[in-house]
Amino acid sequence: MGILSNLTHDQRRGMRLMLPPFVYAVVFLAIPLLAVVLFSFWTQDFMSVDTTFTLDNYREIAAKPVYGLLLQRSLMVSGIVTFVTVVLAFPVAYFVSFHVAPSRKSLWLFLITIPFWTSYLIRVFLWKVILGYNGVVNSGLIWAGVIEEPLTFILYNVNAVIITLAHAFAPFAILPIFVALEKIDRSLLEASQDLGESKTRTFFRVTLPLAMPGVVAAVLIVFIPTIGDYVTPELMGGAGGKLIANMIQTQFLALDNAPLGAALALVAMVSVTTISLVFVFLNRKWLKGRT
Amino acid sequence: MTLRIYAIAYLIFLYAPILLLPLFAFNDATIIAFPLSGFTTEWFAELSNNKSLPRAIGNSVVIAVTTAILSTLLGICAARAGAMPRFPFKRSITGFVMLPLVLPEIIVAVSLLIVIRQVLGIGLSNWTIISAHVLICTPFCIAILNGAFQNLDPSMEEAALDLGETRWSAFRLVTLPLVMPGIISSMLIAFTISLDEFIIAFFLTGSNATLPVYIWGLLRFPGSLPVVMALGTILVGLSILLLTFAEIMRRRGIRRAGRKDTGGFL
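Going down the list, the protein sequences come from chains H and B. Oh and the first sequence: position 67 is 69 in our numbering, straight run, nothing missing. Oh and the second sequence: position 91 is 366 in our numbering, straight run, nothing missing.
What follows is the structure, given as structure tokens:
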């Protein structure tokens with residue numbers, strides 16, 4: 003209580019107000035996450051859960067190649083999706099921030115975010131229609147005379163999963179980059195050009211480094227959640243395009259092996275977090291090296 | 276100029292699946308593929324005869340409305356606290372509350388499933404879905420409400436206090452009307468997220484399927500796909516209406532707070 007009594011009246015009010023959302027997150031997020039950790043060290047014993055501490059689940063994950071394969075594939079898919087999404091999104095964010103009149107900026111952002119909020123399941127399903135054997139892409143290309151036989155490498159495999167996920171997470175990548183670009187002091191760009199830098203060099207030496215925090219945020223906000231999507235691989239991936247999230251879902255809902263599912267979820271979570279932290283660290287180092 | 280063309284092409288890419296929906300919803304064929312055959316409203320008629328659909332919609336609406344109210348209430352607390360002077364651990368607590376924004380949804384689903392089924396041993400119900408939806412919607416509500424609460428001039432509430440109002444009545448009479456558009460916007464967004472959420476709902480749904488869980492079931496039967504397209508068309512139309520209204524409210528809220536619009540929901 004010693005610290006609390008030193009606070010001003012307003013500070014204590016702020017803390018009191020923050021209490022309900024904080025308690026909610028503790029009860030419905032932190033405690034459940036702890037339960038996942040705990041469960042991953044227990045084992046499923048037919049109908050009940052054996053609560054003796056063991057590393058069996060982790061041993062099984064390490065021993066059976068299927069888990070490693072799925073995890074590797076999931077990380078690769080998330081990585082490619084993140085790269086594609088961020089690279090495709092950057093010019094759009096740049097365009098809205100630098101070339102759209104201020105009064106129309108929120109209209110553009112609104113248009114970009116709408117598809118993100120609407121019927122996720124049906125959107126994923128529709129990619130089947132677009133990429134399918136008689137789909138939009140194939141019938142369009144055949145009609146245009148580009149190909150004679152429908153392309154088959156774009157449905158029921160990893161490619162289809164990547165395209166669909168890249169579409170689903172696009173707005174998530176645009177918004178953080180846009181916010182970072184908006185914060186850039188435009189006079190810095192003028193200064194750079196006044197001092198004789200070309201437009202291209204100004205972009206790479208001034209704009210891009212200053213936009214980096216937004217790019218990093220975009221990378222994290224796409225890379226981490228994509229690992230948890232099981233709908234897209236289920237609908238689009240076919241037999242060879244299943245990911246780790248499908249396995250977690252199967253362990254929980256079909257095989258009733260919650261402890262193994264918990265261990266898999268944790269391994270997936272720790273893997274993405276580690277990669278994200280390394281990425282953030284490398285980025286900081288690279289930015290520091292430049293200034 | 277090339278940038279503008281690229282941005283427009285990108286928008287078309289974003290909207291491609293949604294634009295296809297009505298095409299197949301009115302298409303007179305049971306297979307969802309090109310070429311289109313003819314115009315029909317049969318699928319919409321079939322939709323209105325469906326017996327289990329109203330139940331799923333009812334469930335989803337109950338969940339979405341409850342989620343919208345609860346997560347907006349939590350969001351108001353957090354956004355109001357966010358506009359107050361710094362207190363110890365303010366940033367880390369806020370970060371923690373915002374965490375579900377970047378957490379994979381399957382992790383939220385799995386962790387709550389373990390607690391509810393294995394630890395507490397209670398059955399799954401609408402409330403289990405609501406508890407998870409409130410968790411993932413609150414960060415979005417906070418982001419929207421921050422726009423309404425920050426830069427709100429504190430001297431206005433102080434004036435009300437000096438004139439003899441209580442803390443609560445000052446909030447109700449002065450601040451609440453100013454942030455009302457933000458609150459409506461936040462509720463609409465939370466409603467839309469909850470109504471559309473599948474990944475968590477699929478794990479936590481009890482005997483009563485939500486609308487997306489019901490749609491997921493339909494997607495497995497090729498014969499029911501045209502009906503799904505019709506349903507999807509209605510849902511997308513409805514979401515766009517809700518979101519447009521939410522955006523109008525959000526902008527009005529920011530204007531009332533006397534702030535420049537930085538755009539976007541996030």
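A virtual CB, placed ideally from N, CA and C, is assigned to each residue, including glycine.
query, result
"Starting from the Cα of Leu268 of chain H, find the closest Cα among H:Phe100, H:Thr202 and H:Ile250 and give me that residue.", "H:Ile250"
"What do you reckon, are the CB atoms on Leu133 of chain H and Pro375 of chain B nearer than 8 Å?", "no"
"Which residues bound the beta strand (DSSP E) around Asp52 of chain H?", "Ser50 to Asp52"
"Would you kindly report the start and end of the unbroken beta strand (DSSP E) that includes Arg46 of chain H?", "The sequence given here has Gln at residue 46 of chain H, not Arg. Per DSSP, Gln46 of chain H belongs to the beta strand (DSSP E) from Thr45 to Asp47."
"On the CB-based measure, 16 or more other CB atoms within 10 Å of its CB, does Ser514 of chain B come out buried or exposed?", "buried"
"Can a CB atom of chain H be found closer than 8 Å to the CB of Ser406 of chain B?", "yes"
"Sorted by chain position, which residues of the same chain lie with C-beta nearer than 7 Å to Glu236 of chain H's C-beta, five sequence neighbours on each side aside?", "Asn248"
"Find the nearest neighbour of Val39 of chain H within the set H:Leu266, H:Phe171 and H:Thr228, judged by alpha-carbon distance.", "H:Leu266"
"Looking at C-beta atoms only, is the number of pairs between the segment 417-432 of chain B and the segment 65-75 of chain H that lie closer than 8 Å three or more?", "no"
"What is the C-beta distance between Ala343 of chain B and Met462 of chain B, in whole angstroms, given that I count them as a contact (C-beta under 8 Å)?", "4 Å"
"Under 8 Å between C-beta atoms, does Ala260 of chain H make it to chain B?", "yes"
"Helix, strand or coil, according to DSSP, for Ile280 of chain B in the structure here?", "helix"
"With three or more C-beta pairs closer than 8 Å as the rule, is the segment 356-363 of chain B touching the segment 16-29 of chain H?", "yes"
"Mind listing which residues of the segment 400-433 of chain B have their C-beta closer than 8 Å to chain H's C-betas, in chain order?", "Ser406, Ala407, Val409, Leu410, Thr413 and Ile417"
"Which value, in whole angstroms, describes the spacing of the CA atoms of Leu348 of chain B and Ser327 of chain B?", "32 Å"
"Using the beta-carbon count (16 or more within 10 Å), is Met524 of chain B buried or exposed?", "buried"
"For a test of the three-state rule: what should DSSP assign to Leu21 of chain H, helix, strand or coil?", "helix"
"Give me the DSSP bridge partner(s) of Asp259 of chain H.", "Correcting the residue type first, residue 259 of chain H is Asn in the shown sequence and not Asp. Looking at the DSSP assignment, Asn259 of chain H forms no beta bridge with any residue, so it has no partner."
"Under a three-way DSSP split, which group does Phe319 of chain B fall into?", "helix"
"Answer with yes or no whether the minimum CB distance from Ile490 of chain B to chain H is below 8 Å.", "yes"
"Compare the beta carbon distance of Val126 of chain H and Val51 of chain H with 8 Å and say whether it is the shorter of the two.", "no"
"Considering Cα atoms alone, identify which of B:Ile283, B:Gly313 and B:Asn325 is closest to Tyr489 of chain B.", "B:Asn325"
"Can you give me, in chain order, the residues of the segment 437-471 of chain B that have a beta carbon less than 8 Å from any beta carbon in chain H?", "Ile464, Thr467, Ile468 and Asp471"
"State yes or no: is the beta carbon of Phe301 of chain B nearer than 8 Å to at least one beta carbon in chain H?", "no"
"Within its chain, find whatever has a CB closer than 6 Å to the CB of Phe174 of chain H; leave out the 5 residues flanking it on each side and keep chain order.", "Ile223 and Val224"
"Can you find a C-beta in chain B that's less than 8 Å from the C-beta of Met78 of chain H?", "no"
"In angstroms with no decimal places, state the Cα-to-Cα distance between Ala308 of chain B and Val131 of chain H.", "6 Å"
"Would a check of beta-carbon distances place Val340 of chain B closer than 8 Å to chain H?", "no"
"Under a three-way DSSP split, which group does Asn483 of chain B fall into?", "coil"
"Could you give the C-beta distance for Pro292 of chain B and Trp44 of chain H, rounded to a whole number, given that I count them as a contact under 8 Å?", "The Cβ separation is near 42 Å, so there is no contact."
"Near Phe415 of chain B, which residues of its chain fall below 6 Å by C-beta distance, leaving aside the five closest residues on each side in sequence?", "Ile464"
"Is it the case that the Cβ atoms of Ala182 of chain H and Ala213 of chain H are separated by a distance below 8 Å?", "yes"
"So if DSSP puts Phe314 of chain B in a beta bridge, which residue, or which two residues, is it bridged to?", "B:Asn302"
"When burial is assigned at 16 or more other CB atoms within 10 Å of the CB, is Val28 of chain H buried or exposed?", "exposed"
"Thinking C-beta only, is Asp471 of chain B closer than 8 Å to Tyr122 of chain H?", "yes"
"Residues in the same chain with beta-carbon distance under 7 Å from Ala435 of chain B, minus the five sequence neighbours each way, listed in chain order, please.", "Ala445, Leu448 and Val449"
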